[in-house]
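Following the numbering used here, the numbering of the sequence shown begins with 11 at its first residue and continues without gaps.
From the three backbone atoms N, C-alpha and C, an ideal C-beta is built for every residue, glycine too.
Here the structure is a predicted model, which is why all the values come from computation and not from measurement.
Following: one structure in structure tokens, then a few remarks.
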Amino acid sequence: MRVSDRTRQRVAAMAATTGQQMQTILDEAVAAYERELFWRGFEAGCKRLADDADAWSDLEAERAGESPTLRDGLE
């Protein structure tokens, strides 16, 4: 994998500051970006669902059907 000189310098600076290996910093950065992309997709899906009245009604009906099981009769 190739990265720009600027990116390599930035990662090297972070490695020097934190004492972590450059590979670890890159691994963590990719994992963080992956999480960000997941949540962006999740939020976009929720918005699409909320914008679709029929789908939202189906979801609300499903939630209503599940709600008695969530507390198992506990007050």
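Separation of residue j from residue i, as counted between CA atoms
{"i": "Ala23", "j": "Ser14", "result": "14 Å"}
{"i": "Glu76", "j": "Cys56", "result": "19 Å"}
{"i": "Ala41", "j": "Arg12", "result": "18 Å"}
{"i": "Thr34", "j": "Arg16", "result": "18 Å"}
{"i": "Arg73", "j": "Asp64", "result": "14 Å"}
{"i": "Thr28", "j": "Val21", "result": "10 Å"}
{"i": "Gly51", "j": "Gln19", "result": "31 Å"}
Start-to-end residues for the alpha helix (DSSP H) that takes in residue i
{"i": "Gly51", "result": "32-61"}
{"i": "Met11", "result": "First-last for Met11: undefined, no H or E at that position."}
Residue-chain proximity (residue i, chain B), Cβ-Cβ < 8 Å
{"i": "Arg50", "result": "Absence of chain B from the displayed structure is noted, only one protein chain being present."}
Beta-carbon proximity of residue i to residue j, cut-off 8 Å
{"i": "Ala39", "j": "Gln31", "result": "no"}
{"i": "Leu69", "j": "Leu59", "result": "yes"}
Close beta carbons around residue i, own chain, < 8 Å, minus the five adjacent residues each side
{"i": "Trp66", "result": "Leu59, Ala60"}
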